[in-house]
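Peer 1: Below is one structure. I have some questions about it.
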Amino acid sequence: PLITTAITSFIGSLVVAAVAVPTQDWGRLGHLSNAVVISTLWAGAVATGCTYAAWSFALRRLPAVVVAPFAYLIPVSALAIAHVWLGEALTLPVLVGAGLVLAGVAFSQASQFSLLLRARRKTTMKI
Numbered sequence: 010p011l012i013t014t015a016i017t018s019f020i021g022s023l024v025v026a027a028v029a030v031p032t033q034d035w036g037r038l039g040h041l042s043n044a045v046v047i048s049t050l051w052a053g054a055v056a057t058g059c060t061y062a063a064w065s066f067a068l069r070r071l072p073a074v075v076v077a078p079f080a081y082l083i084p085v086s087a088l089a090i091a092h093v094w095l096g097e098a099l100t101l102p103v104l105v106g107a108g109l110v111l112a113g114v115a116f117s118q119a120s121q122f123s124l125l126l127r128a129r130r131k132t133t134m135k136i
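In short: position in the sequence shown from 1, add 9, done, that's this note's numbering.
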């Protein structure tokens with residue numbers, strides 16, 4: 010899955026580049042600070058690469074139906090990171106939205122979690 014993800018991401022990037030490249034003001038790139046360049050490279054290569062590797066790792070070990078709902082936690086994680094590192098305010102609507110996302114993921118995983126607990130109990134009883 011990691012190779013497939015890399016190939017499809019590359020192809021998607023080419024399509025976006027074909028549309029975006031002609032419409033951008035490339036002269037502004039010369040005025041970017043080192044911090045902006047490093048942050049962009051970090052977000053693009055390291056953070057995204059690690060995320061896809063973790064996603065691929067999870068998909069190899071768990072069914073897709075179990076792994077897929079956790080993609081909805083990405084914005085919630087981004088909110089938490091932005092609050093801790095950047096001091097972003099967590100307003101009531103943001104917290105309610107994050108709570109709804111967390112509740113939705115928990116609800117979608119409840120049956121899987123109970124199956125896991127039952128399987129674990131059976132395994133523990135046999136030992």
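Where is the CB? At the ideal position from N, CA and C, for every residue including glycine.
Can you find the residues in the same chain that come closer than 8 Å, C-beta to C-beta, to V76, ignoring five residues on each side of it along the sequence?
Peer 2: Locating residue 76 in the sequence shown gives position 67, counting from the first residue. Here the set comprises W64, A67 and L68.
Peer 1: Consult DSSP for P78 and reduce its assignment to one of helix, strand or coil.
Peer 2: Stepping through the sequence shown from its first residue, residue 78 is reached at position 69. It is helical.
Peer 1: Measuring only the C-alpha atoms, how far is A128 from A56?
Peer 2: As a position in the sequence shown, residue 128 is number 119, starting the count at 1. As a position in the sequence shown, residue 56 is number 47, starting the count at 1. Rounded to the nearest angstrom, the two C-alpha atoms are 34 Å apart.
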